[in-house]
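J.:
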Amino acid sequence: MAIVYTANEKELVAQAQNGDRNAFSELVRIHSKGVMNVVYRMCGDLLIAEDAAQETFIHVWQNLSAYRPQTPLRNWLYRIAFNAGMDMLRIMKRILPDDIDDLHLTDGSPGLESLVSQREGIRLVNGLDVDLS
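So the sequence shown is numbered by the numbering used here: it starts at 232 and just counts up by one.
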C-alpha cells in the first residue's frame, strides 16, 4: 500500500518550519506510530523505543529547517529514527554487560538452584535402601 503525501502534510511541514508548534504536533501525531515501529523493531524494548522516538522528534524539531520537500518526509523521519535507535542501542550496550551472569553478586549464601539441588540430593539419598554395615 503506497502512502500518498498530501498537500496538507506539505502545508504542515511548511508551517512547522515557520515555528508553528500545532502543525508540528500534528506531524508527530501522523508519524509517531511509524517512528515507533522503526525503533521498536531495532531494540525490541518498548521503553527504549519510546526514548528513541522522543529523541527522533526532538531532533526533527531542532533540524526542521534542514528538511527539503523533494524528499518524502516519512523517509527523512525514518532515517532520523533509525539513527536515534542506533544511538540508544550504543548507550544500552555501554550500560548493560554482554553477559547478564556478570550481574549476580554473591553474598556467600547458597542460591536457589543450589538449595533445590541439595534438597533433591537429600531426597534421593533418603530414598535409597542401602545397608552400609
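Yeah, the Cβ is synthetic: ideal placement off N, Cα and C, and Gly gets one too.
#1: Applying the 10 Å Cβ sphere with the 16-neighbour rule, what's the burial state of Met323?
#2: Anyone know if the C-beta pair for Leu308 and Val266 falls short of 7 angstroms?
#3: Would you please state the rounded distance, in angstroms, between the beta carbons of Met377 and Ile279? I believe it to be under 8 angstroms.
#4: Where Gln293 and Asn314 are concerned, what is the direct C-alpha to C-alpha distance, given to the nearest angstrom?
#5: Is DSSP giving Arg260 helix, strand or coil here?
#6: Please classify Ala314: does DSSP put it in a helix, a strand, or coil?
#7: What number of angstroms, rounded off, separates the C-alpha of Ser296 from the C-alpha of Gln248?
#8: May I ask which residues mark the beginning and end of the alpha helix (DSSP H) holding Asp282?
#9: Restricting to Cα atoms, I'd like to know which of Glu286, Leu277, Tyr271 and Ser263 is closest to Leu304.
#10: Measure the Cβ-Cβ separation of Ala283 and Val270 and say whether it is below 7 angstroms.
#11: Determine the direct distance from the alpha carbon of Thr287 to that of Arg272, and round the result to whole angstroms.
#12: Run the CB neighbour count on Asp289, radius 10 Å, all protein chains shown included, and call it buried at 16 or more, exposed below.
T.: Straight from the coordinates:
#1: Exposed, because fewer than 16 other Cβ atoms sit within 10 Å of the Cβ of Met323.
#2: In terms of Cβ geometry, Leu308 and Val266 form a close pair [threshold 7 angstroms].
#3: It is not possible to answer for residue 377, since the shown part of the chain is limited to 232 through 364.
#4: Cα to Cα, the separation comes out at about 15 angstroms.
#5: Arg260 falls in the helix class under three-state DSSP.
#6: Reading off the sequence, residue 314 comes out as Asn, not Ala. Residue state, collapsed to three classes: helix.
#7: Near 6 angstroms, if we compare the C-alpha coordinates of Gln248 and Ser296.
#8: Leu277 to Asn294 is the extent of the alpha helix (DSSP H) around Asp282.
#9: Checking every option, the nearest Cα to that of Leu304 belongs to Ser263.
#10: For Ala283 and Val270, yes; Cβs fall inside 7 angstroms.
#11: Taking C-alpha positions only, Arg272 is separated from Thr287 by approximately 15 angstroms.
#12: In the sequence under discussion, the amino acid at residue 289 is Ile, which differs from the Asp named in the question. Burial state of Ile289 is exposed, judged by a 10 Å Cβ sphere holding fewer than 16 other Cβ atoms.
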